[in-house]
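Each step along the sequence shown adds one to the number in full-length UniProt numbering, with nothing skipped, and position 65 is 65.
For glycine and all other residues, C-beta sits at the position ideal for the given N, C-alpha and C.
Just so it is clear, the structure is predicted and the values come from calculations on it, not from any experiment.
Below is one structure, written out as structure tokens; comments come after it.
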Amino acid sequence: MANLSALLENSAATYADRTAIVFGDTKLNYAQVNGAANQVANLLVERGVKPGDKVALSCPNLPYFSIIYYGILKAGATVVPLNVLLKAREVAYHLDDSDAVAYFAFEGTADLPIGEAAWEGFQATDSCKEFFLIKLDSAAPAPLEGPEYYAPLVGTQPPTFETVERDDDDTAVILYTSGTTGQPKGAELRHRNMRDNALSGKDLFGANEDTPDTYLCVLPLFHSFGQTVIQNGGFAFGGTVVMLPRFEAEPAIGLMLREKVTFFAGVPTMYWGLLGALTPEHPVAEIAANLRVAAAGGSALPVEVHKNFKERFGVTILEGYGLSETSPVASFSVFGEEPKVGSIGKPIPGVEMKLINDDWSDVPDDPEAIGEIAIKGHNVMKGYYDRPEATAEAIRDGWFRSGDLGKKDAEGYYFIVDRSKDMIIRGGYNVYPREIEEVLMSHPAVSLVAVIGVPHESHGEEIKAVVVKNKDHDDVTEETLVAWGKEQFAAYKYPRVVEFRDALPMTSTGKILKRELS
């Protein structure tokens, strides 16, 4: 079956009693997860959701995410996972832009009330007609007036469902990404894009159904890395996914020990956090005895982290590279070989990479030559949803231009040199300056602004806004703009640092020279 949900269904048919998900003291086997996903599919069909419709999902790393994700797919619909940190304004944009007809959202916590932002954003949309609130305690008083509650609705649905057939080229998932020229864009990923990228775990990590891995899921599942490598890859090979809603080093170490984790994947700041939290009292040898694979992506991994992790855990971190538009994995360290520290590895099986110039011409095959990385293969998206011009700019003859500058050595290993885009990576999350600048410019005190990334010890980069004040609001302070930004943006997006200047450096054509800002 072409439908991506076959990854779950096949394992449920073969390993029904094998543990699929662990969350706290809750353990769900494959038959239970598959049955719960069937209930979601039945609910959606009952509510009129048709094959090809878009259904949004806001949920942290909880069993609900996987259950609803596969339930949407089983119904033949397209999953639109949303970052749980989005504010109401951002939620409304994503629902409208994706043409979502239904929306599942976790109620959240006092510190992160996802449900409130989701409900407010849903009410501001036109196309989205169904809203389902997920509550951990279905008996608790409803914090919101109006939304329907997930648990009682699915509880009445049968746990069997005839999965809707989909073609390889039908859209399975829309992952939102962005650029330097406007609002976030939805990358349309086909069923075959997502399926083949998940199944590449056999070559990349030596995944094996007979000796399944136990995956620690600390990467957010709404992000392509966690979704493909941990969730879809884990289920494809009959593994156990241990969920942690929010990465914290101490709980992560505890779960690695308790659940005998064999597979850990994270962004560099997570590895930095694990190493920093270790004490002589931690039974590192016991954790290391179980750990088989450590994978990293999202941003460059410092050499010292590579070295220290190998010394403490006895496992070499494998680095890879990819984007939401490439499902996401495009290149990776070669499993079983000592990786080249600082390299993003080689193209994965079924994928090609090359270096190109601005005009799409190939860069000469020279280890010192620098060009933009272009990618072609089973992992490249269909395009940006409802944005043919943006798609045409990004894809030509099957090649996707990444916006990242790189080099390739004589052995075929690729190295990232710089980003041709202005993208900032804060703690593994992509932040796009143009979006932040446009909103900041709406503040009455801001006359002109440039948003840049500045080095940060734990997050890799921090977001800084260099502001020229409006002459009528000279009394505005850094604290005021930081607090205002916190209200407007998801927690990983808003500028923590604001610097005021009388003017910004510019070229003769009026472009801001960001390289002169720091």
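Residue i to residue j span [Cα, whole Å]
i: Thr156; j: Lys307; result: 53 Å
i: Glu311; j: Ala285; result: 11 Å
i: Leu504; j: Val468; result: 7 Å
i: Asp99; j: Val315; result: 44 Å
i: Ala118; j: Val40; result: 19 Å
i: Gly320; j: Gly345; result: 6 Å
i: Leu244; j: Val218; result: 5 Å
i: Leu95; j: Ile114; result: 15 Å
i: Glu461; j: Ala88; result: 26 Å
i: Val303; j: Glu145; result: 51 Å
i: Ala394; j: Leu175; result: 16 Å
i: Ala472; j: Glu478; result: A quick correction: the sequence has Asp, not Ala, at residue 472. Straight-line Cα distance between these residues: approximately 16 Å.
i: Leu221; j: Glu487; result: 24 Å
i: Ile452; j: Gly266; result: 24 Å
i: Leu153; j: Leu8; result: 22 Å
i: Met506; j: Trp360; result: 28 Å
i: residue 607; j: Asp475; result: No statement about residue 607 is possible, as the shown extent of the chain runs from 1 to 518 and does not include it.
i: Leu440; j: Ala450; result: 10 Å
i: Gly377; j: Lys340; result: 24 Å
i: Arg292; j: Thr262; result: 5 Å
Check whether residue i and residue j have beta carbons under 8 Å apart
i: Glu435; j: Ser402; result: no
i: Tyr429; j: Lys185; result: no
i: Leu318; j: Ala294; result: yes
i: Ala207; j: Phe161; result: no
i: Lys408; j: Pro364; result: no
i: Arg515; j: Ile463; result: no
i: Leu204; j: Phe335; result: yes
i: Val173; j: Tyr215; result: no
i: Ser324; j: Thr177; result: yes
i: Glu120; j: Ala102; result: no
i: Phe415; j: Ser333; result: no
Status (buried if at least 16 other CB within 10 Å, exposed otherwise) for residue i
i: Thr125; result: buried
i: Pro283; result: exposed
i: Leu481; result: buried
i: Asp213; result: buried
i: Asn42; result: buried
i: Glu188; result: buried
i: Glu90; result: buried
i: Asn357; result: exposed
i: Thr181; result: Note that Thr181 scores 49 on pLDDT, short of 50, meaning its location in the model is unreliable; the coordinates nonetheless yield the value given after this. Counting Cβ neighbours within 10 Å, Thr181 comes out exposed, since fewer than 16 surround it.
i: Gly179; result: With a pLDDT of only 48 at Gly179, under the threshold of 50, the placement of this residue in the model should not be trusted, and no figure is reported.
i: residue 543; result: Residue coverage of the chain in this structure runs from 1 to 518, which leaves residue 543 outside it and unanswerable.
i: Leu136; result: exposed
i: Leu513; result: exposed
i: Arg426; result: buried
i: Gly71; result: buried
i: Ala410; result: exposed
i: Asp386; result: exposed
i: Arg166; result: buried
i: Pro444; result: exposed
Of the listed residues the options, nearest to residue i (C-alpha basis)
i: Pro147; options: Gly276, Val79, Cys128, Thr160; result: Cys128
i: Tyr69; options: Gly266, Ala36, Asp167; result: Ala36
i: Asp111; options: Phe235, Phe132, Arg246; result: Arg246
i: Ala195; options: Val476, Leu73, Gly485; result: One detail in the question is off: residue 195 reads as Arg in this sequence, not Ala. Among Val476, Leu73, Gly485, the Cα nearest to that of Arg195 belongs to Leu73.
i: Ser442; options: Glu462, Ser66, Trp484, Asp474; result: Trp484
i: Val417; options: Phe400, Ala369, Val454, Pro388; result: Ala369
i: Asp168; options: Val79, Asn193, Pro152; result: Asn193
i: Ala2; options: Val101, Val79, Met270, His191; result: His191
i: Ser58; options: Gly76, Leu278, Ile67, Leu82; result: Leu82
i: Ile67; options: Ala92, Leu85, Asp97, Phe106; result: Phe106
i: Gly239; options: Ile253, Pro251, Ala249, Phe264; result: Phe264
i: Ala288; options: Leu274, Val80, Val466, Tyr30; result: Leu274
i: Ala77; options: Val55, Tyr64, Thr269; result: Val55
i: Asp502; options: His456, Val446, Pro455, Glu457; result: Val446
i: Met353; options: Lys382, Gly322, Glu337; result: Gly322
i: Glu499; options: Asn10, Thr171, Val466, Tyr149; result: Val466
i: Pro63; options: Ala75, Asn34, Val351, Leu86; result: Asn34
Short CB-CB distance (under 8 Å) between residue i and chain D
i: Ile370; result: Absent from the structure: chain D. Only one protein chain is present.
Inset, instruction - Kindly confirm or deny that the stretch 189–201 and the stretch 37–50 touch, where touching means at least three C-beta pairs closer than 8 Å. - result: no
Inset, instruction - Determine, using beta-carbon pairs with one atom in the stretch 324–335 and one in the stretch 213–227, whether at least three such pairs fall under 8 Å. - result: yes
Inset, instruction - Report yes or no: do three or more beta-carbon pairs, one from the stretch 228–239 and one from the stretch 247–260, lie closer than 8 Å? - result: no
Inset, instruction - Count the CB pairs spanning the stretch 397–412 and the stretch 364–382 that are closer than 8 Å, and state whether there are at least three. - result: Contact between the stretch 397–412 and the stretch 364–382 is present: 3 or more CB-CB pairs across the two stretches fall below 8 Å.
Inset, instruction - Decide if the stretch 336–352 is in contact with the stretch 7–18; the criterion is three or more beta carbon pairs, one per stretch, under 8 Å apart. - result: Per the Cβ contact rule, the stretch 336–352 is not in contact with the stretch 7–18 (fewer than 3 Cβ pairs under 8 Å).
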